[in-house]
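Residues in the sequence shown are numbered from 1 upward in steps of one, following my numbering.
Backbone N, C-alpha and C define an ideal beta-carbon position, used for all residues, glycine too.
Accompanying notes for the structure given below.
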Amino acid sequence: SRVPFSLLHLWVLHFWIVLIGCSSILKTVSVFLILSTVNLLDSRSVMGDLGWVAYPKNGWEEIGEVDEDYAPIHTYQVCRVMEQNQNNWLHTNWILTEGAQRVFIELKFTLRDCNSLPGGVGTCKETFNMAMKESRYIKIDTIAADESFTELDLGDRVMKLNTEVRDLGPLTHKGFYLAFQDLGACIALVSVRVFYKRCPFLVKSLAEFQDTIPGSEASQLVEVVGRCVNNSLPLYEPPRMHCSTEGEWLVPIGKCVCQTGFEEINGSCQVCKVGFYRSLLESLACSKCPPHSMARQAGSTACSCEDGYYKIDSDPPNMACTPPSPVSVVRKGLTGKSSIALSWAEPDRPNGIILEYEIKYFEKEQDSSYTIIKSKETEMEVEGLKPSSVYIFQVRARTSAGYGAFSRRFEFQTSPYSTSERAQAWIVAVAITLALVLLAVVGFLRCGYSKAKQDPEEEKMHFHNGHIKFPGVRTYIDPLTYEDPNQAVHEFAQEIDVSFISIERIIGAGEFGEVCSGPLRLPGKREIQVAIKTLKAGYTEQQRRDFLWEASIMGQFNHPNIIRLEGVVTKSKPVMIITEYMENGSLDTFLKKNDAQFTVIQLVGMLRGIASGMRYLSDMGYVHRDLAARNILVNSNLVCKVSDFGLSRVLEDDPEAAYTTRGGKIPIRWTAPEAIAYRKFTSASDVWSYGIVMWEVMSYGERPYWEMSNQDVIKAVEESYRLPGPMDCPEALYHLMMDCWQRERSNRPKFDEIVCLLDKLIRNPSSLKKLVNSSHRVSNLLVEHASVEGSCSTRSQNVGEWLDSIKMGRYTELFMEGGYSSLETVAQMTSE
Numbered sequence: 001s002r003v004p005f006s007l008l009h010l011w012v013l014h015f016w017i018v019l020i021g022c023s024s025i026l027k028t029v030s031v032f033l034i035l036s037t038v039n040l041l042d043s044r045s046v047m048g049d050l051g052w053v054a055y056p057k058n059g060w061e062e063i064g065e066v067d068e069d070y071a072p073i074h075t076y077q078v079c080r081v082m083e084q085n086q087n088n089w090l091h092t093n094w095i096l097t098e099g100a101q102r103v104f105i106e107l108k109f110t111l112r113d114c115n116s117l118p119g120g121v122g123t124c125k126e127t128f129n130m131a132m133k134e135s136r137y138i139k140i141d142t143i144a145a146d147e148s149f150t151e152l153d154l155g156d157r158v159m160k161l162n163t164e165v166r167d168l169g170p171l172t173h174k175g176f177y178l179a180f181q182d183l184g185a186c187i188a189l190v191s192v193r194v195f196y197k198r199c200p201f202l203v204k205s206l207a208e209f210q211d212t213i214p215g216s217e218a219s220q221l222v223e224v225v226g227r228c229v230n231n232s233l234p235l236y237e238p239p240r241m242h243c244s245t246e247g248e249w250l251v252p253i254g255k256c257v258c259q260t261g262f263e264e265i266n267g268s269c270q271v272c273k274v275g276f277y278r279s280l281l282e283s284l285a286c287s288k289c290p291p292h293s294m295a296r297q298a299g300s301t302a303c304s305c306e307d308g309y310y311k312i313d314s315d316p317p318n319m320a321c322t323p324p325s326p327v328s329v330v331r332k333g334l335t336g337k338s339s340i341a342l343s344w345a346e347p348d349r350p351n352g353i354i355l356e357y358e359i360k361y362f363e364k365e366q367d368s369s370y371t372i373i374k375s376k377e378t379e380m381e382v383e384g385l386k387p388s389s390v391y392i393f394q395v396r397a398r399t400s401a402g403y404g405a406f407s408r409r410f411e412f413q414t415s416p417y418s419t420s421e422r423a424q425a426w427i428v429a430v431a432i433t434l435a436l437v438l439l440a441v442v443g444f445l446r447c448g449y450s451k452a453k454q455d456p457e458e459e460k461m462h463f464h465n466g467h468i469k470f471p472g473v474r475t476y477i478d479p480l481t482y483e484d485p486n487q488a489v490h491e492f493a494q495e496i497d498v499s500f501i502s503i504e505r506i507i508g509a510g511e512f513g514e515v516c517s518g519p520l521r522l523p524g525k526r527e528i529q530v531a532i533k534t535l536k537a538g539y540t541e542q543q544r545r546d547f548l549w550e551a552s553i554m555g556q557f558n559h560p561n562i563i564r565l566e567g568v569v570t571k572s573k574p575v576m577i578i579t580e581y582m583e584n585g586s587l588d589t590f591l592k593k594n595d596a597q598f599t600v601i602q603l604v605g606m607l608r609g610i611a612s613g614m615r616y617l618s619d620m621g622y623v624h625r626d627l628a629a630r631n632i633l634v635n636s637n638l639v640c641k642v643s644d645f646g647l648s649r650v651l652e653d654d655p656e657a658a659y660t661t662r663g664g665k666i667p668i669r670w671t672a673p674e675a676i677a678y679r680k681f682t683s684a685s686d687v688w689s690y691g692i693v694m695w696e697v698m699s700y701g702e703r704p705y706w707e708m709s710n711q712d713v714i715k716a717v718e719e720s721y722r723l724p725g726p727m728d729c730p731e732a733l734y735h736l737m738m739d740c741w742q743r744e745r746s747n748r749p750k751f752d753e754i755v756c757l758l759d760k761l762i763r764n765p766s767s768l769k770k771l772v773n774s775s776h777r778v779s780n781l782l783v784e785h786a787s788v789e790g791s792c793s794t795r796s797q798n799v800g801e802w803l804d805s806i807k808m809g810r811y812t813e814l815f816m817e818g819g820y821s822s823l824e825t826v827a828q829m830t831s832e
């Protein structure tokens with residue numbers, strides 16, 4: 001050009017000022033790759049020419065240079081603003097996707113402000129286009145600059161570098177081309193980077209999750225099943241996590257634990273050292289062998305007795321070995337309400353002819369007062385005992401040389417039932433088992449809701465210590481069935497020596513005293529942080545029993561979403577209950593502190609954990625009665641655990657329990673109508689409470705029914721008023737809440753169905769996109785029994801057809817005569 005300082009020269013001058021004067025700035029703003037990002041193209045990492053194709057050839061121009069560290073700098077620039085009708089194209093080379101279905105494109109560029117150009121410009125724009133080609137070209141977007149430079153900026157050596165990122169997908173081919181179209185602007189493409197995000201290799205809860213490429217949709221989650229690390233195996237269910245499009249691992253479900261003979265140390269399973277053993281998956285660490293026993297090799301699952309010491313196969317692994325006794329084993333036979341039948345073996349080498357045996361027995365922990373009876377046989381029935389009481393028995397033999405030593409102690413418990421009562425109980429259990437089988441065969445086990453009527457009373461039979469228990473099924477045992485509550489505490493809770501506990505700080509106040517935290521250091525186990533509930537001084541014996549009652553309940557549970565009891569301190573003051581420490585405290589307070597900070601998937605993951613814990617309690621036959629966000633605890637991994645198992649007591653100090661009935665106080669805002677009106681607490685009333693917890697979670701801890709009085713809440717619910725959907729709540733979740741709040745408790749979902757539905761939502765996040773419209777409610781959109789995929793019900797037309805299908809058609813007349821003429825009436829069958 002004849003112009004001494006043309007626009008193009010001005011543009012090139014700007015560019016070289018940027019490169020030479022500000023190369024350190026360029027390095028600062030360059031993108032640092034993180035583990036979850038994989039580059040498919042990075043123009044700044046190519047050593048030679050990029051080799052991209054420009055059309056026409058006098059349009060885009062490549063400038064290659066190096067910075068002071070000899071790192072390559074590739075820039076494509078164009079500035080043909082003096083000419084009309086510009087259409088300059090720049091094509092990249094073929095970019096392989098490496099299996100990614102969604103990629104991101106990052107552009108760094110500078111652009112000249114058109115208003116700063118002198119007169120006589122033919123055309124000028126401040127945008128350019130970006131396109132891609134798999135089989136044909138498709139426009140991605142028009143790119144504009146947030147910052148443009150002027151001639152004045154050149155003099156001040158000010159660099160205004162723009163960064164724009166666009167995502168592209170779903171991709172269906174193995175690769176694609178990128179193209180940039182200039183229609184008349186002054187542009188310099190400083191760098192082009194194409195990358196995809198992936199969820200990187202992760203080890204969590206002893207499970208390995210491999211590198212995973214996300215799905216094609218922006219909101220899609222890819223479920224990945226983890227592989228347990230060496231010497232570990234799944235606990236309860238296989239470990240799973242979900243990979244998001246942003247390369248983040250979300251919603252952990254399940255976990256792995258070290259197999260027996262190993263313990264978890266720093267995220268891996270280490271073999272138990274010599275002298276230590278681990279026999280149960282539920283135990284946290286290897287334990288030191290009990291007295292007079294040893295583990296002679298590493299990785300032991302049990303300890304063997306020293307020479308001259310013995311124990312029987314039924315003894316627990318942590319029981320000490322003892323010397324042999326003249327009568328080595330005493331066995332329990334038929335157990336009655338006030339009697340226990342005993343039998344034993346003759347001594348191997350008696351000192352003469354055995355003349356008789358002495359049986360010494362006493363009530364547990366009352367060995368200062370005992371009774372001795374005699375028998376000439378190796379069996380007898382001990383009578384006159386208390387019901388539901390634990391007794392200690394010892395036996396010794398007498399020969400002409402005198403009495404031998406007593407056997408070791410054997411602990412047996414009497415029954416709460418007489419023989420006739422037990423027979424009746426068997427009949428009831430058989431009837432209930434039959435009813436359960438009949439209901440199960442109907443086909444309620446697919447994922448969705450079952451609308452079959454529940455048994456109106458939800459009667460459950462649980463037996464203990466010699467009484468009926470269904471094989472392989474753990475059931476909850478009410479501590480009230482024990483004549484001495486202390487017996488229940490010591491049966492279900494481990495006694496901890498107070499010297500193993502250090503109280504470091506107070507974290508709150510409980511109903512009976514302060515709640516503290518500190519380390520627990522048990523011998524042979526690693527130190528863990530625990531929460532410590534203390535019983536305040538000046539307590540009555542009844543208060544002590546009520547305080548420890550919760551421990552005797554909690555000690556029966558073992559589930560990752562139920563707060564874990566570590567043990568109790570009852571033999572020194574203050575009396576304490578020791579539980580696992582939950583770093584984030586109660587769920588309601590935690591949500592309020594982190595308002596709107598979580599994704600919907602994270603919230604659903606929390607709800608899934610709570611439902612899983614409640615499913616476990618329901619299967620155990622335990623009704624919580626006080627399920628609320630304030631009674632859910634959250635740990636550092638956002639795992640939610642059900643806690644506070646005390647509402648079976650009369651709660652006089654609970655500010656939420658402002659409505660009094662004949663049986664005590666009730667947390668009105670969380671309680672089902674039938675429980676308020678008739679004290680009818682069942683798993684179905686816990687489901688109602690779970691719906692309120694869902695509302696609390698989705699509203700980040702807002703108070704249910706706001707400032708309405710308890711009486712107004714009762715009246716409103718009775719008149720069919722239900723809480724509206726929280727802001728930004730997915731419609732699917734609100735529909736689940738409404739189903740939990742069905743007036744008829746038999747129409748509410750079961751907890752196993754709730755867990756199943758939440759799993760489906762987690763696997764398909766697109767179902768959570770539609771937000772609720774609180775002014776419009778279509779009932780049970782998630783449940784259409786006969787037509788919607790995933791429903792639980794596939795029922796026959798009548799009772800006769802159903803009985804035929806299960807090979808029981810010969811009983812049709814008996815069913816009809818008994819009044820069971822429809823499947824609905826069969827579903828309501830009771831033990832009577």
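Measuring only the C-alpha atoms, how far is residue i from residue j?
i, j, result
"A611", "P667", "20 Å"
"S586", "F362", "45 Å"
"L638", "I632", "11 Å"
"R615", "Y391", "36 Å"
"T75", "S219", "35 Å"
"F598", "Y700", "10 Å"
"L522", "W344", "37 Å"
"K360", "S552", "30 Å"
"D367", "M829", "49 Å"
"K386", "T322", "29 Å"
"I506", "I373", "54 Å"
"D141", "L90", "15 Å"
"K836", "M694", "In the structure as shown, the chain begins at 1 and stops at 832. Residue 836 is therefore absent and cannot be evaluated."
"G613", "I562", "6 Å"
"Q494", "I577", "10 Å"
"T812", "E744", "29 Å"
Taking the beta strand (DSSP E) that residue i falls in, what are its first and last residues?
i, result
"Y196", "C186 to K197"
"C256", "W249 to C258"
"Q529", "I528 to T534"
"E840", "Nothing about residue 840 can be read from this structure; the chain reaches only from 1 to 832."
"Q181", "G175 to D182"
"T110", "V103 to L111"
Provide the residue(s) that pair with residue i in DSSP beta bridges, ordered along the chain.
i, result
"Q840", "Limits of the chain in this structure are 1 at one end and 832 at the other, which puts residue 840 out of reach."
"S343", "R331 and E379"
"T75", "I63"
"L520", "I501 and I528"
"N129", "T142 and Q181"
Near residue i, what residues of its chain come up, given a Cβ to Cβ distance below 6 Å and the 5 sequence neighbours on each side ignored?
i, result
"A675", "F681 and S685"
"V687", "C740 and R748"
"C269", "N231, S232, C258 and F262"
"N88", "G59, W60, V78 and D182"
Ignore the nearest five residues each way along the sequence and tell me which others in residue i's own chain have a CB closer than 7 Å to its CB.
i, result
"K174", "L96 and T97"
"G508", "V515"
"Q101", "G169, P170, L171, G215 and S216"
"E835", "Outside the shown range of the chain, which is 1 to 832, sits residue 835, and nothing can be said about it."
Within the same chain, show all residues whose beta-carbon is closer than 8 Å to that of residue i, passing over the 5 residues directly before and after it, in chain order.
i, result
"S135", "H173"
"C272", "G261, F262, E263, R278, C286, A295, A298, G299 and S300"
"M816", "V799"
"V103", "L40, T97, D167, L168, G169, L171, V194, F195 and Y196"
Over what stretch of residues does the alpha helix (DSSP H) that includes residue i continue unbroken?
i, result
"D752", "F751 to R763"
"H624", "Counting along the chain, H624 falls outside any alpha helix (DSSP H), and DSSP gives it neither H nor E."
message = Suppose only complete runs of 4+ residues qualify. What are the alpha helix (DSSP H) ranges in the segment 257–310, listed by chain order?
response = none
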